Structure formats: C-alpha cells, structure tokens
Amino acid sequence: SRLAKFIKKFETIVDKINKANEILLKGEPKNWSKDHKGYAGYKPQAVIDAVNEADITWSLELLETTERASGRTNKTGQAIVDVLTKVRITIDNANVIRAVDAVASHPILDDYGDAMKSAQTDAMKKAFAHFSIGNRAYHGLLTEQKVDKKTYQAKNKADFENGVDPLLEGEHVTGVEDIF
Numbered sequence: 387s388r389l390a391k392f393i394k395k396f397e398t399i400v401d402k403i404n405k406a407n408e409i410l411l412k413g414e415p416k417n418w419s420k421d422h423k424g425y426a427g428y429k430p431q432a433v434i435d436a437v438n439e440a441d442i443t444w445s446l447e448l449l450e451t452t453e454r455a456s457g458r459t460n461k462t463g464q465a466i467v468d469v470l471t472k473v474r475i476t477i478d479n480a481n482v483i484r485a486v487d488a489v490a491s492h493p494i495l496d497d498y499g500d501a502m503k504s505a506q507t508d509a510m511k512k513a514f515a516h517f518s519i520g521n522r523a524y525h526g527l528l529t530e531q532k533v534d535k536k537t538y539q540a541k542n543k544a545d546f547e548n549g550v551d552p553l554l555e556g557e558h559v560t561g562v563e564d565i566f
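Numbering (this note's numbering), first residue to last: 387 to 566.
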C-alpha cells in the first residue's frame, strides 16, 4: 500500500540521520569547534561530511543575506554590524522531501566575507539540526557546551536587550520523529 511505502521511505531517512549522528559522535571531540560567542558545536565540515557519508541527499539554497546593527560596540567603541544569513536545506530521499529554513548571524569584525561564511555555515548547522542531524550540540551534550541560561543571557546581554537571540531562532525539534 501507499502508506507502507511511505513508512519504509521514512524509516530509511531516519536510519540515515541516525548514521550521520553516529559518525559525528565517533569523531568527537576532534570535530568540535567554538563559535564567536565561545560555545562548542560541531565543525561545519564535520556535519556536511557526516551527512554525505550517511548517503543523505540534500541541497542548500542561500535565501537572504543582510546586515543589521547588533547593538554592541567593539573595544574601541565602534558599532558592530552583524551579517544575517538565511538558508534552506532540503532533504530529498526516496521522494520524501522536507525543507527547513534557518537564520544565523555573525559579527563583521575584520572581513565581510568571513562573517558571511560563518553566518551561512551556522545557519546550515541549525537547519540540519531541525532534521536532528548534529542535535547533540543543540541539546547541550557536548561537554564543553554546558552553560546555564543565566550565564548565557549575561554573556549575550546586548543581544537580549535588542530582542535577538541568534543561536536560538526558529523552531526546535526534540527527535527525528517530529520532523516529518
């Protein structure tokens, strides 16, 4: 039946997502990095390599790149501008398609291109996390990432005062079953 075929396709995708997460887990802690705010997460290339090694068919679309005032200043008192990037990751395995949009920002410190690349890779990792790929980082399971909410808010006070929390924008899923 059509339902049985759909269930089989779904199970295949879930198996591949689980394989990608196993690959990431086996690579720990060498595949970790810290973002511009000091939080541990997976290196973008490690996530991409795990997705590819797990044989997940995916595509990336850059939807938008803009600049915004961050409300912060650097050590010399100059205003810091963030690059805000929106991407779409689409997973298309066995004709079961799901697209997720994600947004991330990164401050322009020295080079616009580096800031845009960092924002784009952060957004990619967030989008993959909506599929539960690399979700250990978002669940705080990387040992270096254990930060309580008050510490996080204090460290990022200017963002919160401006109503922005770029690391937590978008919906969050708890398990693979919630995504399709």
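Note that the Cβ used here is the ideal one computed from N, Cα and C, for glycine as well.
All figures in this text were calculated on a predicted structure; none of them were measured in a lab.
> So is residue 492 buried or exposed if we call it buried at 16+ other beta carbons inside 10 Å?
Replying inline: Taking the first residue of the sequence shown as position 1, residue 492 is located at position 106. Buried, since its Cβ has 16 or more Cβ neighbours within 10 Å.
> Can you list the beta strand (DSSP E) stretches of 3 or more residues lying completely in the region 400-448, in chain order?
Replying inline: Qualifying beta strand (DSSP E) stretches, in chain order: 418-420 and 426-428.
>> Am I right that residue 448 and residue 469 are in contact with their C-beta atoms under 8 Å? What's the rounded C-beta distance?
In response: In the sequence shown, residue 448 corresponds to position 62, counting from 1. In the sequence shown, residue 469 corresponds to position 83, counting from 1. So it is not a contact: roughly 12 Å between Cβ atoms.
>> With the cut-off set at 8 Å, would you say residue 512 and residue 488 are in Cβ contact?
In response: To locate residue 512, count along the sequence shown from 1; it is residue 126. To locate residue 488, count along the sequence shown from 1; it is residue 102. A contact, by the Cβ cut-off of 8 Å.
>> Going by DSSP, what residue range makes up the alpha helix (DSSP H) through residue 511?
In response: Along the sequence shown, one-based indexing puts residue 511 at 125. That run of the alpha helix (DSSP H) goes 498-516.
> Per DSSP, what kind of secondary structure is residue 461 in: helix, strand or coil?
Replying inline: As a first step, residue 461 is located in the sequence shown; it is residue number 75 there, counting from the start. Coil, per DSSP.
>> Contact defined as beta carbons within less than 8 Å: I believe residue 476 pairs with residue 445. What is the distance between those atoms, to the nearest angstrom?
In response: In the sequence shown, counting from the first residue as 1, residue 476 sits at position 90. In the sequence shown, counting from the first residue as 1, residue 445 sits at position 59. The pair is a contact, with the Cβ atoms about 5 Å apart (cut-off 8 Å).
>> My assumption, with CB atoms under 8 Å, is that residue 403 sits in contact with residue 517. Please give the rounded CB distance.
In response: On the sequence shown, residue 403 is found 17 positions in, with the first residue counted as 1. On the sequence shown, residue 517 is found 131 positions in, with the first residue counted as 1. So it is a contact: roughly 6 Å between Cβ atoms.
> What number of angstroms, rounded off, separates the C-alpha of residue 414 from the C-alpha of residue 440?
Replying inline: Here residue 414 refers to the residue found at position 28 of the sequence shown. Here residue 440 refers to the residue found at position 54 of the sequence shown. Across the structure, residue 414 and residue 440 are spaced so that their CA atoms are roughly 17 Å apart.
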